[in-house]
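Residue numbers (the working numbering): 1 to 353.
Glycine included, every Cβ here is placed at the ideal spot set by N, Cα and C.
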Amino acid sequence: MRKVNLVVVGAGPAGLSASIEAAKHGVKALVLDENHKPGGQLFKQIHKFFGSEQQMAGTRGYEIGTKLLNLAKEYGVEIKLNNRVIGIDDHNTLAIIDNHKYSEIRAKKIILCCGATEKPLAFPGWTLPGVMGAGAAQTLVNIHRVVPGEKIIMVGSGNVGLIVTYHLLQAGVKVKAIIDASHKITGYGVHAAKIKRAGIPIILRYTVNRAMGTNQVEKVELIQVDKSFNKIPCTQISFDVDTICLAVGLSPSTELARMIGCKLYYHPKLGGYIPMVNQYMQTTIEDIYAAGDMTGIEEASIAMEEGRLAGLACAISLGYISDNAQSQKALENIRSNLSQLRMGNGKGGIING
Numbered sequence: 001m002r003k004v005n006l007v008v009v010g011a012g013p014a015g016l017s018a019s020i021e022a023a024k025h026g027v028k029a030l031v032l033d034e035n036h037k038p039g040g041q042l043f044k045q046i047h048k049f050f051g052s053e054q055q056m057a058g059t060r061g062y063e064i065g066t067k068l069l070n071l072a073k074e075y076g077v078e079i080k081l082n083n084r085v086i087g088i089d090d091h092n093t094l095a096i097i098d099n100h101k102y103s104e105i106r107a108k109k110i111i112l113c114c115g116a117t118e119k120p121l122a123f124p125g126w127t128l129p130g131v132m133g134a135g136a137a138q139t140l141v142n143i144h145r146v147v148p149g150e151k152i153i154m155v156g157s158g159n160v161g162l163i164v165t166y167h168l169l170q171a172g173v174k175v176k177a178i179i180d181a182s183h184k185i186t187g188y189g190v191h192a193a194k195i196k197r198a199g200i201p202i203i204l205r206y207t208v209n210r211a212m213g214t215n216q217v218e219k220v221e222l223i224q225v226d227k228s229f230n231k232i233p234c235t236q237i238s239f240d241v242d243t244i245c246l247a248v249g250l251s252p253s254t255e256l257a258r259m260i261g262c263k264l265y266y267h268p269k270l271g272g273y274i275p276m277v278n279q280y281m282q283t284t285i286e287d288i289y290a291a292g293d294m295t296g297i298e299e300a301s302i303a304m305e306e307g308r309l310a311g312l313a314c315a316i317s318l319g320y321i322s323d324n325a326q327s328q329k330a331l332e333n334i335r336s337n338l339s340q341l342r343m344g345n346g347k348g349g350i351i352n353g
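Spelled out as structure tokens, the structure:
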């Protein structure tokens, strides 16, 4: 069995940032990811990031991904792709499916950066071809250069719905409308303004009543809802579309944290059940840390700072850095960055530590 000091599960923005920060201080970090390419969501994001210069504001997501991968290579981070972690025991042994073969790795410290999954929305006809998550549509357009359809309606006016709509427009797709059951647009105003300038209507207090079609989506019927989200009879409207994109939220991927016994708690604004972590991103199990969307759905910039915090904390815990005033100041600087990034997003500062 292979033994390593640090295993990071997930090669997205949080996982790459965690491994780089640890490796900067001499830790030999191994990153495992089930996908065939590293970078997570970053390479789907062609828009420019917010934040400060330190958080790469004004830089497009795929450019940030490239920078992180180059840094990981520079600091000697080992990234193993097509490696799915299917379990962790109480001896910090990870069970892995490595290119269809079973293997095990034992680590002194583990940082879980497992990301999130898209939430579905059930309605009559939701299993028809043409109903997909907004993230899937974004992957098709920005990674594979394939449009998901010709006439699309987007469900959800949060940042994902607004940003993916803009990406679809840039790819030449006709977006009929964005709809949302809420009474207000839930994403950033700057993203909504782009959509409005493009002439795309944002229809509020409407949801999908049903999708219609024989072998695929051919039409979507919408229905108005009241303040309690109850359907209002005789308010149906319809659009001829071949694709319905669902941007109705994300769920933190906490399966591994649950499996090992990390304590979780429910936070609806951050996506549901998330692992409890302290000020160092350490879970309730001493050698297990967590960062990124699995600790709450926020921005990629926040995921990267959380990863840095966990990576630095592991380097200190493993003895590669002295636990002194200087290292504590470095940790506090990252926590300060997190607080600044979270200001004004309505999620209450550092709620998890």
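Limits of the unbroken beta strand (DSSP E) element including L32: Taking the first residue of the sequence shown as 1, we reach residue 32 at position 32. Run containing L32: 29-32, per the beta strand (DSSP E) assignment.
Assign I200 to one of two classes, buried (16 or more other C-beta atoms within 10 Å of its C-beta) or exposed (fewer than that). For the purposes of this step, residue 200 is taken as the residue at position 200 of the sequence shown. It is buried - the Cβ of I200 has at least 16 other Cβ atoms within 10 Å.
Reference G307; option with closest CA among Y266, I195, T66, G12: Taking the first residue of the sequence shown as position 1, residue 307 is located at position 307. It is G12 whose Cα lies nearest to the Cα of G307.
In the DSSP assignment, what residue or residues form a beta bridge with K219? Here residue 219 refers to the residue found at position 219 when the sequence shown is read from its first residue. In the DSSP output, where bridge partners are listed per residue, K219 has M212, D240.
To which residues of the same chain is A116 closer than 7 Å at the C-beta, ignoring the five residues directly before and after it? Position 116 of the sequence shown, counted from the start, is the residue given in the question as residue 116. Closer than 7 Å at the Cβ level, and outside the excluded window around A116, lie L250, S251, P252, S253, G271, D293, M294, I297.
From T207, N230, V7, residue whose alpha carbon lies closest to that of V220: Translated into the one-based positions of the sequence shown, residue 220 becomes position 220. Cα-wise, what sits closest to V220 is T207.
CA-to-CA distance, T235 to Q224, given in whole angstroms: As a working note, residue 224 is residue 224 in the sequence shown. As a working note, residue 235 is residue 235 in the sequence shown. When rounded, the separation of the alpha-carbon atoms in Q224 and T235 is 6 Å.
Determine which residues share a DSSP beta bridge with P252 and list them. Stepping through the sequence shown from its first residue, residue 252 is reached at position 252. According to DSSP, P252 bridges with A116.
Would you list the residues sitting across from Y102 in a DSSP beta bridge? Locating residue 102 in the sequence shown gives position 102, counting from the first residue. According to DSSP, which records beta bridges pairwise, Y102 is partnered with I97.
Do you know offhand how far L338's Cα is from V8's? Numbered from its first residue, the sequence shown carries residue 338 at position 338. Numbered from its first residue, the sequence shown carries residue 8 at position 8. So the two alpha carbons sit approximately 20 Å from each other.
Under the three-state DSSP convention, the category C234 falls into: Mapped onto the sequence shown, residue 234 falls at position 234. Three-state result, C234: coil.
Tell me the start and end of each unbroken alpha helix (DSSP H) in the segment 273-323 that is at least 4 residues and wholly inside, in chain order. 300-317
Hey, quick one: how far does the alpha helix (DSSP H) through K269 stretch, first residue to last? As a working mapping, residue 269 is identified with position 269 in the sequence shown. Neither: K269 is in no alpha helix (DSSP H) and is coded neither H nor E.
Does the structure place the segment 107-124 close enough to the segment 186-202 that three or more beta carbon pairs sit under 8 Å? no
If you run the structure through DSSP and keep just helix, strand and coil, what is K263? As a first step, residue 263 must be located in the sequence shown, where it is residue number 263. Reduced to three states, the DSSP call for K263 is coil.
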